[in-house]
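Asks: Please read through the structure below; I'll follow up with questions.
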Amino acid sequence: MSKPSIPQGTRDFSAETVQKRNYILNTIRTVFELYGFQPLETPAMEKLETLMGKYGEEGDKLIFKILNNGLAEPQNADKAKAGFDKLLQGKNTADLTERALKYDLTIPFARYVAMNHGQLTFPFKRYQIQPVWRADKPQRGRYREFTQCDADVVGSNALVNEVELAFIYHTVFTKLGLKDYTLKINSRKLLAALAELCGGTDKMMDITMAIDKLDKIGLEKVKAELEQRGLTAAQIERIETYLAISGNNDARLTALEKLFEGNDIAAKGIEELRTVAGRTKNINLQIDLTLARGLNYYTGVIFEVKGPEQVKMGSIGGGGRYDDLTGLFGVPDIPGVGISFGVDRIYDVIEELGLFPAELQLGSKALFFNLGEAESQLAFEQMQLLRDAGVACEMFHEQAKMDKQFKYADKKNIPYVIIIGEREAGEKKAMLKELKTGKQEAVAFDELAAYLQLRNTKTTK
RNA sequence: GUAGUCGUAGCUCAGUUGGUUAGAGCAUCAGAUUGUGAUUCUGAGGGUCGGGGGUUCGAGCCCCCUCGAUUACCCCA
Numbered sequence: 010m011s012k013p014s015i016p017q018g019t020r021d022f023s024a025e026t027v028q029k030r031n032y033i034l035n036t037i038r039t040v041f042e043l044y045g046f047q048p049l050e051t052p053a054m055e056k057l058e059t060l061m062g063k064y065g066e067e068g069d070k071l072i073f074k075i076l077n078n079g080l081a082e083p084q085n086a087d088k089a090k091a092g093f094d095k096l097l098q099g100k101n102t103a104d105l106t107e108r109a110l111k112y113d114l115t116i117p118f119a120r121y122v123a124m125n126h127g128q129l130t131f132p133f134k135r136y137q138i139q140p141v142w143r144a145d146k147p148q149r150g151r152y153r154e155f156t157q158c159d160a161d162v163v164g165s166n167a168l169v170n171e172v173e174l175a176f177i178y179h180t181v182f183t184k185l186g187l188k189d190y191t192l193k194i195n196s197r198k199l200l201a202a203l204a205e206l207c208g209g210t211d212k213m214m215d216i217t218m219a220i221d222k223l224d225k226i227g228l229e230k231v232k233a234e235l236e237q238r239g240l241t242a243a244q245i246e247r248i249e250t251y252l253a254i255s256g257n258n259d260a261r262l263t264a265l266e267k268l269f270e271g272n273d274i275a276a277k278g279i280e281e282l283r284t285v286a287g288r289t290k291n292i293n294l295q296i297d298l299t300l301a302r303g304l305n306y307y308t309g310v311i312f313e314v315k316g317p318e319q320v321k322m323g324s325i326g327g328g329g330r331y332d333d334l335t336g337l338f339g340v341p342d343i344p345g346v347g348i349s350f351g352v353d354r355i356y357d358v359i360e361e362l363g364l365f366p367a368e369l370q371l372g373s374k375a376l377f378f379n380l381g382e383a384e385s386q387l388a389f390e391q392m393q394l395l396r397d398a399g400v401a402c403e404m405f406h407e408q409a410k411m412d413k414q415f416k417y418a419d420k421k422n423i424p425y426v427i428i429i430g431e432r433e434a435g436e437k438k439a440m441l442k443e444l445k446t447g448k449q450e451a452v453a454f455d456e457l458a459a460y461l462q463l464r465n466t467k468t469t470k
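Going by the working numbering, 251 is the number at position 242 of the first sequence; the sequence numbering is gapless.
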């Protein structure tokens with residue numbers, strides 16, 4: 010048997026990692042709830058048909074499909090073989106797979122809303138924190154299993170939702186100490202208007218995909234790509250004018266108005282941006298006209314969050330407005346807007362910048378030394394009293410040299426050791442030593458809990 | 001999915017044009033001391049060199065396949 014291992018792009022999380030992740034997750038959850046969002050959880054797997062076709066052609070390829078059970082049964086074998094032939098021709102087939110791991114949280118949410126719209130109170134605000142799976146090739150900041158944190162509100166066209174979501178981003182990242190993030194905003198309506206002016210709406214995907222790369226490959230290469238995608242010189246020039254728009258948010262909006270004069274879609278997009286930007290003046294929100302976002306269901310304002318420049322992590326969150334997501338599931342006219350946090354990338358960024366609070370890593374507060382049969386029984390009694398008082402503690406599992414017990418406490422990051430030997434037992438006192446300072450003092454048994462609780466103030470927020 | 005780099009002890013790494021029984025430091029464990037983490041001393045364990053196949057008298061080293069890590073592209077959180 011080969012050495013045990015885990016699938017590509019997946020990870021085990023040690024105690025320390027879990028604690029750090031929980032710190033991030035709890036921060037996000039708290040803010041979501043502060044803004045009136047309520048939790049929802051959906052299954053790890055969905056029916057394949059629920060997911061297929063929702064993320065574009067590339068997205069379909071990245072969905073993890075689950076092989077049907079019972080393919081080897083005689084009554085299924087012929088179907089399975091036929092299905093396999095179809096699969097080799099690039100067609101998906103329910104004969105082989107009809108379930109898949111969820112690819113994001115938004116589509117399952119839309120499926121849920123479509124299934125339950127009769128019972129829900131609109132506007133419906135939900136948040137969701139769950140793992141999702143993508144058959145992507147792993148890279149820095151890219152995993153095959155990762156956690157998303159989404160907040161969406163459906164059943165409302167009001168732009169105040171966009172404003173609130175922008176504030177959620179700001180609040181979460183501020184609480185996490187990640188001050189240097191950038192929140193970018195754009196409107197799909199502007200991109201649609203641009204496409205209208207440059208060869209028709211069917212060119213929208215070509216145009217957005219090309220200009221999305223501007224900061225990465227530069228203007229000349231973007232122009233080359235546009236040319237390759239079949240745009241004329243005049244159209245490319247127009248796009249260049251659009252891309253050249255710069256300055257602060259107000260200046261950009263003014264320039265846009267001039268460029269798109271008389272275009273109704275653009276006028277709406279500009280109005281959206283003006284409203285959202287106008288109501289978020291005290292947080293750092295930048296209108297970025299090259300922002301496009303890959304997912305094709307967005308129709309209005311779109312968001313994207315980038316980590317601090319120095320960590321080179323790319324997007325750590327994103328979202329936007331969609332007019333008709335549930336329409337995909339036969340329930341039209343429920344518009345919505347949502348955002349997502351990429352927890353795993355946020356973790357990597359915070360870790361790299363050393364921004365995790367130091368006091369996160371506490372396990373036990375104190376270690377009771379085991380100095381022998383009689384001593385350890387007395388120590389056990391004292392330990393249970395501490396536990397009753399809410400102080401996390403443990404005792405060394407067997408009698409051993411003090412040297413060894415000290416090292417154990419050190420390695421497990423336990424800040425205090427409690428020594429109860431013959432001497433202490435007689436005086437009804439425990440020797441309490443703080444490892445970091447090396448200081449120790451004798452504390453009466455009935456004062457132990459209070460003594461340690463006093464030094465327990467920074468574990469909660 | 002395409003292409004490049006890499007994979008030797010728990011960790012960080014040596015390992016000569018292919019040549020005997022694959023090494024070091026740190027860590028671990030045991031012993032000396034024995035009611036305060038140190039230091040020191042003595043000793044020990046630990047590797048099918050990521051896995052499989054091939055070339056060769058002989059492979060950690062060369063070739064092929066595969067798994068994993070990493071980087072770029074594609075796409076994306």
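Cβ coordinates follow ideal geometry from the N, Cα and C atoms, glycine included.
Rounded to the nearest angstrom, what separates Ile-37 and Cys-158 at their Cα positions?
Replies: Within the first sequence, the letter at position 28 stands for residue 37. Within the first sequence, the letter at position 149 stands for residue 158. Roughly 8 Å separates the two Cα atoms.
Asks: Using 8 Å as the threshold, is the segment 180-193 in touch with the segment 234-254, meaning 3 or more CB pairs across them?
Replies: No, they do not touch.
Asks: Check Pro-117 in the structure and name its three-state DSSP category.
Replies: Indexing the first sequence from 1 puts residue 117 at position 108. Helix.
Asks: I need the straight-line Cα distance from Ala-398 to Phe-405, nearest angstrom please.
Replies: As a working note, residue 398 is residue 389 in the first sequence. As a working note, residue 405 is residue 396 in the first sequence. Distance between the alpha carbons of Ala-398 and Phe-405: 20 Å.
Asks: Please classify Leu-43 as buried or exposed, where buried requires at least 16 other C-beta atoms within 10 Å of its C-beta.
Replies: Residue numbering aside, residue 43 sits at position 34 when the first sequence is read from its first letter. With fewer than 16 Cβ atoms within 10 Å of its Cβ, Leu-43 is classed as exposed.
Asks: Taking all protein chains shown into account, decide if Pro-117 is buried (16 or more other Cβ within 10 angstroms of its Cβ) or exposed.
Replies: Here residue 117 is taken as the residue at index 108 of the first sequence, counted from 1. Burial call: buried.
Asks: Taking the beta carbon of Ala-119 as the centre, do at least 16 other beta carbons fall within 10 Å, making it buried, or is it exposed?
Replies: Sequence index remark: in the first sequence, residue 119 carries index 110 (1-based). With 16 or more other Cβ atoms within 10 Å, it is buried.
Asks: State the DSSP-derived secondary structure class of Met-214, mapped to helix, strand or coil.
Replies: Start at 1 with the first residue of the first sequence, and residue 214 comes out as number 205. Met-214 falls in the helix class under three-state DSSP.
Asks: Just verifying my parser: in three-state terms, what is the DSSP assignment at Tyr-136?
Replies: The sequence position of residue 136 within the first sequence is 127, counting from 1. Three-state DSSP puts Tyr-136 in a strand.
Asks: Please name the residue or residues paired with Val-352 in a DSSP beta bridge.
Replies: The residue you call residue 352 lines up with position 343 of the first sequence. According to DSSP, which records beta bridges pairwise, Val-352 is partnered with nothing at all.
Asks: When the distance is taken between beta carbons, is Asp-357 closer than 8 Å to Met-322?
Replies: Indexing the first sequence from 1 puts residue 322 at position 313. Indexing the first sequence from 1 puts residue 357 at position 348. Yes; because the gap between Cβ atoms is below 8 Å, this pair is in contact.
Asks: How is the alpha helix (DSSP H) around Arg-330 delimited, first residue to last?
Replies: As a working note, residue 330 is residue 321 in the first sequence. Unbroken run through Arg-330 is the beta strand (DSSP E), 324-331; no alpha helix (DSSP H).
Asks: Use the C-beta contact count for Asn-485: other C-beta atoms within 10 angstroms, 16 or more gives buried, fewer gives exposed.
Replies: Shown here, the chain extends from 10 to 470; a query on residue 485 therefore has no answer.
Asks: Given this structure, state the Cα-to-Cα distance separating Thr-2 from Ala-160, to the nearest angstrom.
Replies: Because the chain in this structure spans residues 10 to 470, residue 2 falls outside the shown range and cannot be described.
Asks: Compute the beta-carbon to beta-carbon distance between Ala-6 and Lys-438, rounded to the nearest angstrom, for a pair I have assumed lies under 8 Å.
Replies: Residue 6 is absent from the structure shown; the chain starts at 10 and stops at 470.
Asks: Using the Cβ count rule (16 or more neighbours within 10 Å means buried), how would you classify Glu-431?
Replies: For the purposes of this step, residue 431 is taken as residue 422 along the first sequence, with counting starting at 1. With fewer than 16 other Cβ atoms within 10 Å, it is exposed.
Asks: Compare the beta carbon distance of Tyr-425 and Leu-444 with 8 Å and say whether it is the shorter of the two.
Replies: As a first step, residue 425 is located in the first sequence; it is residue number 416 there, counting from the start. As a first step, residue 444 is located in the first sequence; it is residue number 435 there, counting from the start. Yes, they are a contact pair.
Asks: Quickly, what does DSSP pair Gln-295 with across the bridge? List them, please.
Replies: Locating residue 295 in the first sequence gives position 286, where the first residue counts as 1. Answer is Lys-193, bridged to Gln-295.
Asks: Pairs of beta-carbons, one from the segment 143-150 and one from the segment 65-79, closer than 8 Å: are there three or more?
Replies: Touching, yes, given that three or more Cβ pairs across the two stretches are closer than 8 Å.
Asks: Would Pro-83 be called buried (16 or more neighbouring beta carbons within 10 Å of its own) or exposed?
Replies: On the first sequence, residue 83 is found 74 positions in, with the first residue counted as 1. Result: exposed.
Asks: With a threshold of 16 other CB atoms inside 10 Å of the CB of Gln-414, please say whether the residue is buried or exposed.
Replies: Here the question's residue 414 lines up with position 405 in the first sequence. Looking at its Cβ environment, which holds 16 or more other Cβ atoms inside 10 Å, Gln-414 is buried.
Asks: Please check the pair Asp-353 and Thr-156, which I expect to be a contact at CB under 8 Å, by giving their CB distance rounded to whole angstroms.
Replies: As a working note, residue 353 is residue 344 in the first sequence. As a working note, residue 156 is residue 147 in the first sequence. Going by Cβ atoms, the distance from Asp-353 to Thr-156 rounds to 6 Å, so yes, they are a contact pair.
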